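Asker: For the record, the sequence lines run as chains A and B.
Quick note on numbering: our numbering labels position 133 of the first sequence as 133, and the sequence is numbered without any gaps.
Quick note on numbering: our numbering labels position 390 of the second sequence as 390, and the sequence is numbered without any gaps.
Yeah, the Cβ is synthetic: ideal placement off N, Cα and C, and Gly gets one too.
Model, not experiment: these values are computed from the prediction.
If you scroll down you'll find the structure; I have some questions about it.
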Amino acid sequence: MTLVKLSKINKIYNSGEIKFQALKNINLDIKKGEFAAIVGASGSGKSTLMNIIGLLDKPTTGLYELDGQNTSRLKEDNSARIRNKKIGFVFQSFNLLPRTSALDNVAMPLIYAGVSESERKDMAKKALEQVGLDDKLNSRPSQLSGGQQQRVAIARALVNNPEIILADEPTGNLDSKSGQEIMKIFQELHNQGKTIVMITHEADIAKNAERVVKIMDGEIT
Amino acid sequence: MEIVQTIKSAFTAILANKVRSFLTTLGIVIGVTSVILLIAVVSGLQTFITTQIQGLGSNLLFVIPGRVGGARSPGGIQENKLVYQDALNLKMKLAGEAEISGAVQKNATLQFKNKNDKGAAVFGVEATYPKIISIKLSGGRFFREVDQQAARRVAVIGQTVKNNLFAQGQPLNQSVDVAGQKYTVIGILEPRGSIFGIDQDNSIYVPITTAQRQFGIDRLNTIYIGVNNPGNVAGVQKKAIAILKKRLTEDDFTVQSQEQTLSTISQITGVLTAALGGIAAISLLVGGIGIMNIMLVSVTERTREIGLRKAVGARPSDIRNQFLVEAIILSGFGGIIGIVLGVGISLIVGRFFTTTVPWWSVLLSFGFSTLVGIIFGVTPAIRAARLDPIQALRYE
Ligand SMILES: Nc1ncnc2c1ncn2[C@@H]1O[C@H](COP(=O)(O)OP(=O)(O)OP(=O)(O)O)[C@@H](O)[C@H]1O
Ligand SMILES: [Mg+2]
């Protein structure tokens, strides 16, 4: 079953007089349960594509259906709701809230889902267990290693049990050993049936995915 | 996101930056404190004056020179045309209906042996004065008609005068030097306190005739009319005006009742309240601008956080509410601290002179400070809500 269906997607950035086409006629299907890697040179349009899949941005033209739903007419509030329920983001730079415990960082998306505080704590704890950090519930990001911080971020992406996990260079800020640990978690999630789309530069990391999508100058090759 | 959660998040953010939050609210704290304090002082003043005036008796009329509330003659200051003859005319025509006392006033230095009392108020009044104004003696007697007719140099002294000149020893029958002339002390007044910081007890009462002779004054500062029947005040006021108009024009004098005096005073204190309140409101406004400034800084600082929250599902309205609630909490807390401080300081100040904190001033300043939070919180909150999550997440 297709989860993400991109048809004839174009993205044109309009910064003043200069127009730049970052995505050219992208057609891409990602099935439920698939683990796909998107690879390509810097500036090739990987993040742009990811932002569109994550409903953080809209294509200039083309059709994007997520879980069978046409997304082109979604209002901001609705796409926020879908991001909250169906999408989990993992960023290169972790993006954890400073001075906030791992548990509260992980629980944060649930606030916007209207989950009660005690339930939030339970769900966040479970998500942290899944990434092997049940002993670091109360640690602040500054007290964690880079790999641990990224695992907290993955727990945060998992906490609302999303349809799809979008990871933009999740190992980009990590050494290869921590990177491998993260990949092990992704493999486990994949085995549990989660859909994962991951951007990466590194061939080693891309190897973990069952499918590799190559992108060059805004086009899938 | 439910409101309880929004408030919790706002508190978390505020407490994460305690010092800055405190400094941010300081403007509001100072604004509210000064609003409460100024209103407390002014309305305390009003209460105090009102009770003082009511204490004099509601059957009292004053005749004062010049026209109060009317157009002033060009040049502003009017010549005082009120003379003793006017008091005499009133006395004759209002006999049986009212007691009359003319009054003159002069400041003078008093002396007894080697002791001095500088700047005492010398009141030249008539023997009828105690029947009109309730003054109590703690010793001796007030002067009588005969003392007045003979222009005897006798005096009734206030408590401060007594303390200054007769720290030890008995003042009665002693001879006090008033601006160079000797007066015999025949009575001592009970203490009365001070009004507007003016010590009411640093005064000495002498027969009007004696005072006029010694100081060469023929104009009166006031004519007191004590109406015998309190129900007849308005009637007597009309008659007095008619009597005085035979010799004077209506621009030369004003006959004022207690009621009129009170309304004049409440007009003055009303203007004072508005003026001082206005100044204090400006400081609240400045406080509000401070809050806006810090909230804008906070939005910039937390750009990545805002981007992240949006990415994981916060709607623009969730972000807007969070920052708005933060601003309201900051200003509301500033308001509460300001109220506590304002009421506290009012109580302390109240030990020295009357202050009253009207309930409306508390409500007003709390409402106003919260409003300031809303007004000045809206701009930063909307700015936060409109941030593009992709740009915000990239922000360094
Ligand atoms: N907001 C924008 N306005 C204008 N041009 C943009 C904007 N965002 C991205 N671009 C351009 O679009 C192209 C693709 O950017 P994108 O971020 O998708 O690259 P990427 O493949 O993720 O690169 P990297 O591997 O370095 O992260 C780049 O040339 C970039 O300069
Ligand atoms: Mg990128």
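How far does the alpha helix (DSSP H) with E181 of chain A in it reach, from first residue to last?
Answerer: Counting along the chain, the alpha helix (DSSP H) containing E181 of chain A begins and ends at 176-191.
Asker: Using a Cβ-based criterion (distance less than 7 angstroms to any ligand heavy atom), does S47 of chain A qualify as near ligand 2?
Answerer: Under cutoff, so the answer is yes.
Asker: Can you pull out the residues from the stretch 313-325 of chain B whose beta carbon lies closer than 9 angstroms to at least one beta carbon of chain A?
Answerer: Within the stretch 313-325 of chain B, the residues whose Cβ lies closer than 9 angstroms to some Cβ of chain A are G313, A314, R315, P316, S317, D318, listed in chain order.
Asker: Let me see if you follow: with CB-CB separation under 8 angstroms, is F20 of chain A close to chain B or not?
Answerer: Not closer than 8 angstroms to any Cβ of chain B, the Cβ of F20 of chain A fails to qualify, so no.
Asker: Between G68 of chain A and G218 of chain A, which are expected to be in contact by the criterion C-beta below 8 angstroms, what is the C-beta distance as a whole number of angstroms?
Answerer: Their Cβ separation, rounded to whole angstroms, is 26 angstroms, which puts G68 of chain A and G218 of chain A out of contact at 8 angstroms.
Asker: For A242 of chain B, which beta-bridge partners are listed by DSSP?
Answerer: Partner(s): none; A242 of chain B has no beta bridge.
Asker: Determine the chain A residues that contact Q5 of chain B at a beta-carbon separation under 7 angstroms, and present them in chain order.
Answerer: Correct list: I111.
Asker: What do you get for M108 of chain A, buried or exposed, if any count of 16 or more other CB atoms within 10 angstroms of its CB means buried?
Answerer: With 16 or more Cβ atoms within 10 Å of its Cβ, M108 of chain A is classed as buried.
Asker: Would you say the beta carbon of A206 of chain A is closer than 7 angstroms to some non-hydrogen atom of ligand 1?
Answerer: Every heavy atom of ligand 1 is 7 angstroms or more from the Cβ of A206 of chain A, so no.
Asker: Could you check what DSSP says for S101 of chain B in three-state terms: helix, strand or coil?
Answerer: Note: S101 of chain B maps to strand in three-state DSSP.
Asker: Please classify S72 of chain A as buried or exposed, where buried requires at least 16 neighbouring CB atoms within 10 angstroms.
Answerer: Counting Cβ neighbours within 10 Å, S72 of chain A comes out exposed, since fewer than 16 surround it.
Asker: Which two residues bound the contiguous alpha helix (DSSP H) that contains Y395 of chain B?
Answerer: Y395 of chain B -> no alpha helix (DSSP H), and no H or E assigned at all.
Asker: Touching or not, the stretch 177-188 of chain A and the stretch 138-157 of chain A, by the rule of three or more beta carbon pairs under 8 angstroms?
Answerer: Yes, the stretch 177-188 of chain A touches the stretch 138-157 of chain A.
Asker: How would you call S73 of chain B, buried or exposed, if buried means at least 16 neighbouring beta carbons within 10 angstroms?
Answerer: Because S73 of chain B carries a pLDDT of 49, less than 50, the predicted location of this residue cannot be relied on, and the following value inherits that uncertainty. Exposed, by the Cβ-count rule.
Asker: Please name the residues in the stretch 84-101 of chain A whose beta-carbon is closer than 9 angstroms to at least one beta-carbon of chain B, in chain order.
Answerer: If the cut-off is 9 angstroms between Cβ atoms, the stretch 84-101 of chain A has N84, K85, I87, G88, F89, F91, S93, N95, L96, L97, P98, R99, T100 near chain B.
Asker: Taking Cβ-Cβ distances shorter than 8 angstroms, what residues in chain B pair up with E76 of chain A?
Answerer: R315, P316, listed in chain order.
Asker: Considering Cα atoms alone, identify which of A:R140, A:G43, A:D104, A:L97 is closest to A124 of chain A.
Answerer: Taking only the C-alpha atoms, the option nearest A124 of chain A is A:D104.
Asker: On the CB-based measure, 16 or more other CB atoms within 10 Å of its CB, does I28 of chain B come out buried or exposed?
Answerer: Buried, by the Cβ-count rule.
Asker: Can you look up G57 of chain B in the DSSP assignment and give me helix, strand or coil?
Answerer: Coil.
Asker: Under the criterion of a Cβ to heavy atom distance below 7 angstroms, does D388 of chain B qualify as lining ligand 2?
Answerer: For ligand 2, not one heavy atom lies less than 7 angstroms from the Cβ of D388 of chain B.
Asker: Quick check: V159 of chain A and A209 of chain A, are their CB atoms within less than 8 angstroms of each other?
Answerer: Cβ atoms of V159 of chain A and A209 of chain A: not closer than 8 angstroms.
Asker: Just the chain A side, please: which residues come within less than 8 angstroms of S304 of chain B by C-beta, in chain order?
Answerer: Before going further, note that residue 304 of chain B is Arg rather than Ser in the sequence given. Near R304 of chain B (Cβ distances below 8 angstroms), the residues of chain A are N95.
Asker: Would you check if there are 3 or more beta carbon pairs closer than 8 angstroms linking the stretch 361-371 of chain B to the stretch 48-57 of chain B?
Answerer: No, they do not touch.
Asker: Beta carbon of F20 of chain A: closer than 7 angstroms to some heavy atom of ligand 3?
Answerer: Looking for ligand 3 in the displayed structure turns up nothing; the ligands present are ligand 1 and ligand 2.
Asker: Give, in chain order, every residue of the stretch 122-141 of chain A whose Cβ lies closer than 9 angstroms to some Cβ of chain B.
Answerer: So the list is empty, because no residue satisfies the distance condition.
Asker: So with CB distances below 8 angstroms, who are the chain B contacts of N51 of chain A?
Answerer: By Cβ distance, chain B contributes I390.
Asker: Where I100 of chain B and A274 of chain B are concerned, what is the direct C-alpha to C-alpha distance, given to the nearest angstrom?
Answerer: One C-alpha to the other measures close to 38 angstroms.
Asker: Could you pull the DSSP bridge partners for T222 of chain B from this structure?
Answerer: The partner list for T222 of chain B (beta bridge, DSSP) reads B:A103.
Asker: Could you compute how far the alpha carbon of N25 of chain A sits from the alpha carbon of F94 of chain A?
Answerer: About 31 angstroms.
Asker: Quick check on the burial criterion: 16 or more other C-beta atoms within 10 angstroms. Buried or exposed for T103 of chain B?
Answerer: Before going further, note that residue 103 of chain B is Ala rather than Thr in the sequence given. Buried: at least 16 other Cβ atoms inside 10 Å.
Asker: From the DSSP output, in three-state form, read off F166 of chain B for me.
Answerer: Residue state, collapsed to three classes: coil.
Asker: Using a Cβ cut-off of 8 angstroms, pull out every chain A residue sitting near L393 of chain B, in sequence order please.
Answerer: Within 8 angstroms Cβ-Cβ: F91, N95.
Asker: Rounded to whole angstroms, how far is the Cβ of G392 of chain B from the Cβ of F323 of chain B, which I believe are closer than 8 angstroms?
Answerer: The displayed chain sequence assigns Ala, not Gly, to residue 392 of chain B. With a Cβ gap of about 14 angstroms, A392 of chain B and F323 of chain B do not count as contacting.
Asker: Name the chain B residues whose beta carbon is nearer than 7 angstroms to that of M183 of chain A?
Answerer: Neighbours of M183 of chain A on chain B: none; closest Cβ ~23 angstroms, over 7 angstroms.
Asker: Could you list which residues in chain A have their beta carbon closer than 8 angstroms to that of E2 of chain B, in chain order?
Answerer: Here the neighbours are G114.
Asker: Is V106 of chain A closer than 8 angstroms to A155 of chain A when the C-beta atoms are compared?
Answerer: Cβ atoms of A155 of chain A and V106 of chain A: closer than 8 angstroms.
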